[in-house]
Amino acid sequence: MKLALSTITDYTEPPFSPTAAEAKDLLNQMGAEVESVTKTRDGDTVFDLEITPNRPDLLGVVGVVRELMAATRTDIRATRKHVDKVEAEVPHKDVQNNLSNPTDCPTYQGRRISGVKVGPSPEWLVTFLEKHGIKSINNIVDISNYVMIETGHPIHIYDAEKVEGGIVSLRNAGENEAFTGIGGTQMDLKNGHMVIVDGSDNILALAGVLGGQSSQVTDSTTDIIIESAYFSPQKVRKASKANKISTEASFRFERGADPKIPTYALDRATALIQENAEGTVTEELSYGQEQQHTQKRIRVTYTKIDKYLGVKVDKDFSIKALQSLGFEIVQSDEEGIEVLVPSWRSHDVKRDVCLIEEIGKVYGNDNIPSVMPKSTLTLSRRPLAQQIRETVDDFFLRTGFNEVINYGFCSPKDFEDMGIESPSKLREFVAINVPLSGNFSVMRTSLIPGLVRNHEFNANRGQKNIKVYEVGRTFHKAEGHPQEIRRIGGLMSGKMAQDTWKRKETTADFYDLKSIIYGLLKELGIDEQQLEVSPANSEFVEAGGGAKILIDGVSIGFFGYLKTPKKSKKKTEDILVFELDIDSLEKHCTQKESTVEQPSRFPSIIRDVTFDCPQNFLSQSIADTVNNKGHELVKKVELVDTYVAKGSEGQISLSFRIEFNSAERALTNEEVSAIMDKIIADITSSQQISLRG
Amino acid sequence: MDRLRDNGSPTTTDPEISRVLAEFEADKAVLDQEVLRLKYLSKKGGSVTQLTRRIRDISPEQRPAFGAQLNELKNRIEAEIAAIGSTTRDEVQRVVDISRQPYPLERGTLHPTALMIREITNIFKGMGFDIVDDREVETVEFCFDRLLTPEWHPVRDTQDTFYLEGSNDVLLRTQTTATQPKILSTRKPPFKILSTGKVYRSDAPDATHSPMFHQIDGFMVDEGISMAHLKGVLETFIRQFIPKIKGLRFRPHYFGYTEPSFELDVQCTMCEGQGCKSCKNQGWIEVLGAGMMHPKLFENAGLDQEKFTGFAFGFGVERLVMQKHGIADIRSLFDNDLNLLRQVKR
Chain G
2 MKLALSTITD
12 YTEPPFSPTA
22 AEAKDLLNQM
32 GAEVESVTKT
42 RDGDTVFDLE
52 ITPNRPDLLG
62 VVGVVRELMA
72 ATRTDIRATR
82 KHVDKVEAEV
92 PHKDVQNNLS
102 NPTDCPTYQG
112 RRISGVKVGP
122 SPEWLVTFLE
132 KHGIKSINNI
142 VDISNYVMIE
152 TGHPIHIYDA
162 EKVEGGIVSL
172 RNAGENEAFT
182 GIGGTQMDLK
192 NGHMVIVDGS
202 DNILALAGVL
212 GGQSSQVTDS
222 TTDIIIESAY
232 FSPQKVRKAS
242 KANKISTEAS
252 FRFERGADPK
262 IPTYALDRAT
272 ALIQENAEGT
282 VTEELSYGQE
292 QQHTQKRIRV
302 TYTKIDKYLG
312 VKVDKDFSIK
322 ALQSLGFEIV
332 QSDEEGIEVL
342 VPSWRSHDVK
352 RDVCLIEEIG
362 KVYGNDNIPS
372 VMPKSTLTLS
382 RRPLAQQIRE
392 TVDDFFLRTG
402 FNEVINYGFC
412 SPKDFEDMGI
422 ESPSKLREFV
432 AINVPLSGNF
442 SVMRTSLIPG
452 LVRNHEFNAN
462 RGQKNIKVYE
472 VGRTFHKAEG
482 HPQEIRRIGG
492 LMSGKMAQDT
502 WKRKETTADF
512 YDLKSIIYGL
522 LKELGIDEQQ
532 LEVSPANSEF
542 VEAGGGAKIL
552 IDGVSIGFFG
562 YLKTPKKSKK
572 KTEDILVFEL
582 DIDSLEKHCT
592 QKESTVEQPS
602 RFPSIIRDVT
612 FDCPQNFLSQ
622 SIADTVNNKG
632 HELVKKVELV
642 DTYVAKGSEG
652 QISLSFRIEF
662 NSAERALTNE
672 EVSAIMDKII
682 ADITSSQQIS
692 LRG
Chain Y
139 MDRLRDNGSP
149 TTTDPEISRV
159 LAEFEADKAV
169 LDQEVLRLKY
179 LSKKGGSVTQ
189 LTRRIRDISP
199 EQRPAFGAQL
209 NELKNRIEAE
219 IAAIGSTTRD
229 EVQRVVDISR
239 QPYPLERGTL
249 HPTALMIREI
259 TNIFKGMGFD
269 IVDDREVETV
279 EFCFDRLLTP
289 EWHPVRDTQD
299 TFYLEGSNDV
309 LLRTQTTATQ
319 PKILSTRKPP
329 FKILSTGKVY
339 RSDAPDATHS
349 PMFHQIDGFM
359 VDEGISMAHL
369 KGVLETFIRQ
379 FIPKIKGLRF
389 RPHYFGYTEP
399 SFELDVQCTM
409 CEGQGCKSCK
419 NQGWIEVLGA
429 GMMHPKLFEN
439 AGLDQEKFTG
449 FAFGFGVERL
459 VMQKHGIADI
469 RSLFDNDLNL
479 LRQVKR
């Protein structure tokens, strides 16, 4: 919506002439946001306003000026132009309202004017329209637009000669009925759409949206019919949406026209046409009375005004503010006031807080103080999920991972490309009904494909060492409402850190990732002792190079080397991935009571021992055996070295360091040796392994 | 002291004194101050003390010389023991290249959007707000109906909203505001809530639109909450969040679920309100939407709307991230380019 500065002066009585800066502030204060300001050739200023959808009354200059004048707190009011009542003794025709729901058009006014001279518009009209964003066409069309810009009410003018039988009526369109609008737009109408038809049932217009091409005013037009009506916002919106056509008229009608303005708009158009294009009124057409509209009565108390705004507002001020916006005070007492809502606000002012909003705007939000609330102190709830989130972020910050955020949707192809074929739980997608594109057609069931895409993006840009993580939700089919699972996913490739003058780093491997995962879980309050690993069954990781992690036998995620899809021809570098399920591990993260053990005052005795094991041997079982045999003097079992000895290919040698300690006494070499002998015997008897001598 | 070493001196040094001195010279490099004091000067069995006792065995004519030598020895040992600790033993001249670039500690980064959410939630946590992480798949009831968005409203259109699973009821939430009706019907006021997370709109990606972005929605409900309180809390937040902010204004606006409604604009910090490129010549930059929670929300949740009032506010995070970092294209926040991510400073 555009408003010229000169228009303000033109529509106020006595004429009010603010500076451009003043006008801009007043408009913003009332919520008619000034989006841009331009200067015109004649030295005028034009404001481009963003009008919120609840305010159709501000889609006409009189409405905007009314609003602006209220903010000045002066007695100057916006005025609409005076028109004399048209009182010609002419025949009257009833307009037939054959709509399935006649209230979709409660009032329809029409007037036939004969002998008009279509031609160019006068200079003032061309300039006015230009400033308000509309191109001049001819005097008749321009006047129709002018009345709309002035009053905010769209009217339509037909070439009366093209209206067969000279009568118009309203009905619903038939299913797939064809209609060609002004400009040649072909439309396939639907059942619910309202149309205006002539005596031969030819469609003249899609009501409230667009006039028909066949009856549009041309240079040779001599007789016209002016239409000024009220159409249901919902019906106009539906028709406009279904036909993918939005016009100045539909934009206004779908927000809600002023039910009491059609007669004025018709008279105003008649007067302007007779002034600028001659012609005489030869016929009146109508359906319904616009006076049928009953204004809403709303009461608001002064206590509530003060309580809501948080400031004491003078009673007189509230009354004047509402009056300046066109509200009529019908009752006023000590406690409050009762008002009649002006017809142009019937769509948005419904209850007392709506009146308070109006008073607040005139009062000015800037004049309301900023006050911190006094509130009852309550214990702030900090959900576990949020604590987990913070711990995860802090952990990855310290360990050099970069957080990524990927879209929640993806394409089934992302999973195909990774070699994940149906049937697979990962391919039971929650589908989007109308996706933007094939890339975004389903909701993700895993964070891994997104992370792999991030890897590809960055590797293609020359990044060597990539460590990324994401915290996000995955979506899964379920009975009824889809299930959401919160997850932590990550990917690493290249080196753990960049090489420096100080040291050359090694390539990240499975064990680096495992230490990251165990470190993260420890940070979350889950001890290594609670965790179990077993060979992975995830479709994302290699059979021999991945593990799933379990707590109490329940899987909480997996980690390992990303499987290279068979189709891939490229020789790819090692990529490590993991995915943990926050919902499953959450219950294990509850705060445990913290206890510390008094450190022993006696020295430890340390023994190293090496075993030759089969290559695929799970080394943890040795530590487990030592611990399970449960000698209380064993304090720690640690894997300190692994190697393949010369001549023992196919075997792996694992060196362990075992620490013995007692809190009560100094241990002797003899007793430790005895325990060691027992441990070695246990291990070599219960496992397929031998002591390396 | 010199006399003790000077072999050419008329008096020869007593052999016992020489022995103790030699022993001390060897010991002082390896023993601690206290150990040396005990060994040489202890009144009970210190080496020097024992020498003093020997004076009785010395012939009277040799006694003065012995006494002098003993005194000198005692003074010297005392002085040297006392001096230990004030100088470093075997001091080495270190040479370091103080200018060398430090060995970099590997640090990760938060995504700039996540970092901003963290900064903002921290401010509200400081004011006692609870943080809520709500589901992303919502229903029409919570996303629209309970937020007073009528059925014919454009945002409910399939062109604006992603509906799921062939249904016209299950959808990806278009706003984190969907949390409001749930809290209203499950918690007892007073409460202060901040709901953050991902929201989805069916917008084709371009420089300023993304089909997924992040939103923060906050609200506070108690008896007697007013517009003045809304201004107080939001102004406190903004001044903490953007300390160099000069002016702010609450411009009336429209949202279906608040009445009155506002947009909060802050004066552009680049041009101080004069109008420049970064504020599109407006002098002001829109930061968030806010308002008094609509009485209908309270009615629908079975709360007494005459007793309880509340304010609510909400905003998209990416727009603020773009403004803060001068990022022109929202899509670059979803590329996850490490060259960008690694620049994020906490």
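Top to bottom, those sequences are chains G and Y.
Here the first sequence stands for residues 2 to 694, where the numbers follow our numbering.
Here the second sequence stands for residues 139 to 484, where the numbers follow our numbering.
Even for Gly, the Cβ is constructed at its ideal location relative to N, Cα and C.
- Counting along the chain, residue 644(G) sits inside the beta strand (DSSP E) bounded by residues 635-644.
- A direct Cα-Cα distance of roughly 38 Å separates residue 166(Y) from residue 599(G).
- For residue 530(G), the three-state secondary structure derived from DSSP is helix.
- Beta bridge pairing from DSSP links residue 309(Y) with 276(Y), 301(Y).
- For the pair residue 22(G) and residue 28(G), the Cα-to-Cα distance works out to about 10 Å.
- Under a 10 Å Cβ-count criterion, residue 236(Y) is classified as exposed, with fewer than 16 other Cβ atoms of the shown protein chains found around its own Cβ.
- Contact check for residue 370(Y) against residue 330(Y) fails: the beta carbons are separated by 9 Å or more.
- Membership of residue 298(G) in the beta strand (DSSP E) is indicated by the continuous run 298-302.
- At least 9 Å separates the beta-carbon of residue 392(Y) from that of residue 166(G).
- The Cβ atoms of residue 193(G) and residue 177(G) do not sit closer than 9 Å to each other.
- Ranked by Cα distance from residue 365(G), the options 547(G), 322(G), 270(G) are led by 322(G).
- Within the model, the alpha-carbon separation for residue 218(Y) versus residue 178(Y) is close to 12 Å.
- Between the alpha carbons of residue 171(G) and residue 196(G) lies a distance of about 6 Å.
- Burial state of residue 430(Y) is buried, judged by a 10 Å Cβ sphere holding 16 or more other Cβ atoms.
- Non-local C-beta neighbours of residue 111(G) in its own chain, meaning closer than 7 Å and more than five positions away in sequence, comprise 96, 169, 226, 227, 228, 286, 287, ordered along the chain.
- The segment 51-131 of chain G is shown to contain whole alpha helix (DSSP H) runs of 4 or more residues at 62-73, in chain order.
- In the DSSP assignment, residue 391(Y) falls within the unbroken beta strand (DSSP E) covering 386-393.
- The secondary-structure analysis by DSSP pairs residue 608(G) across a beta bridge with 659(G).
- One thing to note: residue 428(G) has its Cβ within 9 Å of the Cβ of residue 416(G).
- Bounds of the alpha helix (DSSP H) holding residue 461(Y) are 455-463.
- In this model, residue 217(G) and residue 338(G) are separated by some 49 Å (Cα to Cα).
- Excluding the 5 residues flanking it on each side, residue 136(G) has no same chain C-beta neighbour closer than 6 Å.
- Residue environment: residue 193(Y) is assigned as exposed (fewer than 16 neighbouring CB atoms within 10 Å of its CB, all protein chains considered).
- The three-state secondary structure of residue 473(G), taken from DSSP, is strand.
- For residue 355(G), the neighbours in chain Y by C-beta distance under 8 Å run, in chain order, 397.
- For residue 187(G), the CB contacts under 6 Å within the same chain, skipping 5 residues up- and downstream, are 181 in chain order.
- Taken through DSSP and simplified to helix, strand or coil, residue 420(G) comes out as coil.
- Contact note: residue 288(G) does not reach chain Y at a C-beta cutoff of 9 Å; the least C-beta distance is about 24 Å.
- According to the DSSP assignment, residue 429(Y) belongs to the beta strand (DSSP E) that extends over 422-431.
- Boundaries for residue 456(G): no beta strand (DSSP E) harbours it, while the alpha helix (DSSP H) harbouring it runs 449-461, taken from the DSSP string.
- Just measuring C-alpha positions, the residue of 481(G), 121(G), 605(G) sitting nearest residue 304(Y) is 481(G).
- Spanning the alpha carbons of residue 412(G) and residue 445(G) requires a straight line of approximately 8 Å.
- For residue 40(G), the enclosing beta strand (DSSP E) starts and ends at 34-40.
- Put simply, the backbone Cα of residue 120(G) is about 35 Å away from that of residue 68(G).
- Along the segment 415-436 of chain G, the positions whose C-beta sits under 9 Å from a C-beta of chain Y are 431, 432, 433, 434, 435, 436, read in chain order.
- When the Cα atoms are used, residue 603(G) and residue 636(G) turn out to be separated by approximately 13 Å.
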